[in-house]
Amino acid sequence: MTAKQEVRSTVNSEETARPPRLTRAQRTAILKALADPTRFELLEKIARVQCPLTCSMASESLAISAATLSHHIKELQTSGLINVRREGKFAYLTIKSGVLEALAAYLQSLGPASCPTR
4 MTAKQEVRST VNSEETARPP RLTRAQRTAI LKALADPTRF ELLEKIARVQ CPLTCSMASE
64 SLAISAATLS HHIKELQTSG LINVRREGKF AYLTIKSGVL EALAAYLQSL GPASCPTR
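To convert, count from 1 in the sequence shown and add 3; that's this note's numbering.
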């Protein structure tokens, strides 16, 4: 199973009580996706609207071509960060529940542990 398939299968659960546990492959895929400034900006826009963002709204605010936007959406979706719901010719983008929280919790765990000072 490839890292992208693993991301899709494990992070596919929608609403859960606590954030999903991310595998190393999932964390790597997410961080790679967020390394691109345009994708990071797109993720911020999706998160800030507090409701599904349409592709036309995203395209207007980012000033990029439709093909480039489609590429960035696919990368965010494949990494497990967003859901894309299609209704006819329209697509609605939302943040996947719990994924950012799980990533934040993991990154927080990398911080300095409380150890006794001398």
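Each residue gets a CB set at the ideal place from its N, CA and C atoms; glycine is no exception. Predicted model only: the values in this text are computed from it and were never measured.
- With fewer than 16 other beta carbons inside 10 angstroms of its own, E47 counts as exposed.
- In this structure, the CA atom of D39 is about 13 angstroms from the CA atom of T31.
- Assignment of R24 by DSSP, reduced to helix, strand and coil, places it in the coil class.
- Collapsing the DSSP output to three states places I76 in a helix.
- Going by DSSP, I49 is part of the alpha helix (DSSP H) stretching over 40-51.
- Within the stretch 60-109, the complete alpha helix (DSSP H) segments of 4 residues or longer fall at 69-82, listed in chain order.
- Separation of A70 and L37 (C-alpha to C-alpha, rounded to the nearest whole angstrom) is 19 angstroms.
- Secondary structure of L37 (DSSP, three-state): helix.
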